[in-house]
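So the sequences go chain by chain: A and B.
Take 4 as the starting number for the first sequence in the numbering used here and just add one per residue.
Take 14 as the starting number for the second sequence in the numbering used here and just add one per residue.
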Amino acid sequence: GESVGLHLPTLSVQEGDNSIINCAYSNSASDYFIWYKQESGKGPQFIIDIRSNMDKRQGQRVTVLLNKTVKHLSLQIAATQPGDSAVYFCAGTNGSSNTGKLIFGQGTTLQVKP
Amino acid sequence: DVKVTQSSRYLVKRTGEKVFLECVQDMDHENMFWYRQDPGLGLRLIYFSYDVKMKEKGDIPEGYSVSREKKERFSLILESASTNQTSMYLCASSLERDGRYGYTFGSGTRLTVV
């Protein structure tokens, strides 16, 4: 079936370094992707999204890259800070306009070392 | 600021009790979802609703039911709580049925069944 998966369950980075969190998806019909951040004890919060007609989108300290050829997207966080420590999820549409739902990856835990 | 509000952050219930988890959104969204989140299993869809009085089973509906009497409110019901339903429950709503623009999540309810 369809899947969205993250490559690493845990990523540890030094404060100030850049972080890259990767995600792969299986459905070539997926045309919208979103990254969420979930802090401990809280619900997931929107970080950034990207449509399939784009390769890159930038926000504040975050960049999402989409490679449709290999069905891969990544979230880059610049100058990682302790407040970035959280679980990060990618999600994608399943390609159905009428009954579609977001398909979620399992999450990568980002640990920021001071 | 748009919101999805879950009525309880923490709940402790006894095995066999009937449990109600309430979710209210103020964004006039038609689409609402209930997920449970467990370590190593990610987000799993229990039920969703695309309209008032409408409900659809997700991936793990067994042991649960839902109610959507008003557009803004989506309730999850555990008919007879069991210890394997101890989990974090997340409610979400979305503007578009296919997931474009993403979901807005509540803060979650951590349910413990003893």
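Note that beta-carbon positions come from the ideal geometry of N, C-alpha and C, so glycine has one too.
Simplified DSSP state of residue i, which is helix, strand or coil
i: A/Thr83; result: coil
i: B/Gln98; result: helix
i: B/Arg123; result: strand
i: B/Arg86; result: strand
i: B/Tyr63; result: coil
i: B/Ser78; result: strand
i: B/Gly53; result: coil
i: A/Asp52; result: strand
i: A/His75; result: strand
i: B/Leu108; result: coil
Cβ of residue i within 7 Å of any chain E Cβ
i: B/Arg86; result: No chain E is part of this structure, whose protein chains are labelled A and B.
Span of the beta strand (DSSP E) around residue i
i: A/Val65; result: Val65 to Asn70
i: A/Gln114; result: Thr111 to Lys116
i: B/Ile73; result: It is not in any beta strand (DSSP E) - B/Ile73 carries neither H nor E in the DSSP assignment.
i: A/Thr21; result: The question names Thr, yet the displayed sequence has Asn at residue 21 of chain A. No beta strand (DSSP E) holds A/Asn21; DSSP gives it neither H nor E.
i: B/Lys26; result: Tyr23 to Lys26
i: A/Arg60; result: Lys59 to Gln61
i: B/Leu34; result: Val32 to Leu34
i: A/Leu11; result: Unbroken run through A/Leu11: none, as it is neither H nor E.
i: A/Leu105; result: Leu105 to Phe107
i: B/Lys16; result: Where B/Lys16 is concerned, there is no enclosing beta strand (DSSP E), given that its DSSP letter is neither H nor E.
Within chain A, the residues that residue i reaches when beta carbons sit closer than 7 Å
i: B/Arg113; result: Tyr35 and Thr96
i: B/Tyr116; result: Leu105
C-beta neighbour in chain A for residue i, strict 7 Å
i: B/Leu103; result: yes
i: B/Ser120; result: yes
i: B/Leu34; result: no
i: B/Gly55; result: yes
Under 8 Å by beta carbon: chain B residues contacting residue i
i: A/Lys45; result: Ser120 and Gly121
Chain-ordered chain A contacts of residue i [CB-CB under 8 Å]
i: B/Leu58; result: Lys104
Min CB distance residue i to chain B below 7 Å
i: A/Gln3; result: With chain A covering 4 to 117 only, the question about residue 3 of chain A has no answer from this structure.
Three or more C-beta pairs under 8 Å: does that hold for the region 26-41 of chain B against the region 63-75 of chain B? no
Would the region 88-98 of chain B count as touching the region 16-26 of chain A if we require 3 or more Cβ pairs under 8 Å? no
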